[in-house]
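*Asks:* Quick note on numbering: the numbering used here labels position 13 of the sequence shown as 25, and the sequence is numbered without any gaps. One structure is given below, represented as structure tokens, and several questions about it will come after.
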Amino acid sequence: MFLDRDGTINEDIEYLHEPEKFSLLPGAGEGLRRLQDMGYRLVIVTNQTGIGLGYFTKEDFYRVNRQMFKALAPYEVKIDKIYFCPHNITEKCTCRKPEIGLIRRAQEDLNLDLSKSYFIGDQTLDIETGRRAGMKTILVQTGKAGKDGQFAVQPDFQVKDLVEAAEVILQEERKPK
């Protein structure tokens with residue numbers, strides 16, 4: 013299970029780098045727990061342009077992630093791995109979404125089958141990333157709710173939040189193959 017972070021799991025605050033400003037979105041903990049209980053590994057893939065622009069450091073990013081782990085602890089959610097692109101938009105790299113360099117790295121590191129994976133996010137950028145990697149995609153109506161307009165792409169599913177995303181995936185798993 014691949015997920016965007018900002019706007020999907022937590023409130024989308026521009027260039028979030030202060031742990032005290034981290035806030036889980038309603039239903040995020042419960043939704044992630046359901047996905048984990050279904051046997052999915054939880055992998056976050058996120059662009060962190062603020063690092064490349066010098067607005068904050070990698071250590072700031074790690075501190076925010078530690079705050080996220082604390083916020084998810086009551087739900088007994090374990091994030092398996094976080095992959096991030098620290099580059100700014102003008103740098104040519106293969107890791108910045110919608111490029112799939114980070115997805116490929118996760119696939120190799122964690123031995124994942126992308127054809128059986130989902131990408132969940134709040135932007136068309138996330139949906140495009142999932143499509144390029146050959147995954148099913150789910151757009152959540154949190155954060156930017158697909159209104160970023162970066163790509164003319166339709167998700168496989170559109171849901172309110174991570175709880176509904178987990179419900180959709182469970183229904184899909186129950187369908188005869």
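Where is the CB? At the ideal position from N, CA and C, for every residue including glycine. Note that the structure is a prediction, hence the values are computed from the model and not measured.
Assign G19 to one of three DSSP states: helix, strand, or coil.
*Replies:* Taking the first residue of the sequence shown as 1, we reach residue 19 at position 7. DSSP places G19 in coil when its eight states are reduced to three.
*Asks:* Grouping DSSP H, G and I as helix and E and B as strand, with all else coil, what is K148?
*Replies:* On the sequence shown, position 136 is the one that residue 148 refers to. Strand, per DSSP.
*Asks:* Assuming T58 and D24 make a contact with CB atoms under 8 Å, what is their CB distance in whole Å?
*Replies:* Position 46 of the sequence shown, counted from the start, is the residue given in the question as residue 58. Position 12 of the sequence shown, counted from the start, is the residue given in the question as residue 24. Contact flag wrong, Cβ pair sits at about 11 Å.
*Asks:* Could you tell me the alpha carbon to alpha carbon distance between G146 and D168, rounded to whole angstroms?
*Replies:* In the sequence shown, counting from the first residue as 1, residue 146 sits at position 134. In the sequence shown, counting from the first residue as 1, residue 168 sits at position 156. Distance between the alpha carbons of G146 and D168 is about 12 Å.
*Asks:* Between L182 and Q48, what straight-line distance do the alpha-carbon atoms span, to the nearest angstrom?
*Replies:* On the sequence shown, residue 182 is found 170 positions in, with the first residue counted as 1. On the sequence shown, residue 48 is found 36 positions in, with the first residue counted as 1. Cα-Cα distance, rounded: 12 Å.
*Asks:* Could you check how far apart the C-beta atoms of A157 and D134 are, in whole angstroms? I think they sit under 8 Å.
*Replies:* Here residue 157 is taken as the residue at index 145 of the sequence shown, counted from 1. Here residue 134 is taken as the residue at index 122 of the sequence shown, counted from 1. Contact flag correct, Cβ pair sits at about 6 Å.
*Asks:* For I91, which of helix, strand or coil comes out of DSSP?
*Replies:* Position 79 of the sequence shown, counted from the first residue, corresponds to residue 91. Three-state result, I91: coil.
*Asks:* Keeping to the same chain, check which residues put their C-beta closer than 8 Å to that of D173; ignore five residues upstream and five downstream.
*Replies:* Stepping through the sequence shown from its first residue, residue 173 is reached at position 161. Around D173: L37, P38, G39, A40, G43, V152, Q153, T154.
*Asks:* Could you please give me the residues that DSSP links to F131 through a beta bridge?
*Replies:* Residue 131 sits at position 119 when you count from the first residue of the sequence shown. Note: F131 sits in a beta bridge opposite F14, T149.
*Asks:* Report the rounded CA-to-CA distance for S35 versus Y74, giving the unit in angstroms.
*Replies:* To locate residue 35, count along the sequence shown from 1; it is residue 23. To locate residue 74, count along the sequence shown from 1; it is residue 62. For S35 and Y74, the distance between alpha carbons rounds to 15 Å.
*Asks:* Have a look at P31 and Q79 and give me their C-alpha separation to the nearest angstrom.
*Replies:* Here residue 31 is taken as the residue at index 19 of the sequence shown, counted from 1. Here residue 79 is taken as the residue at index 67 of the sequence shown, counted from 1. P31 and Q79 have their C-alpha atoms some 6 Å from each other.
*Asks:* Determine, using beta carbons only, whether G62 and Y95 come nearer to each other than 7 Å.
*Replies:* Taking the sequence shown and counting its residues from 1, one reaches residue 62 at position 50. Taking the sequence shown and counting its residues from 1, one reaches residue 95 at position 83. No, the Cβ-Cβ distance between G62 and Y95 is not below 7 Å.
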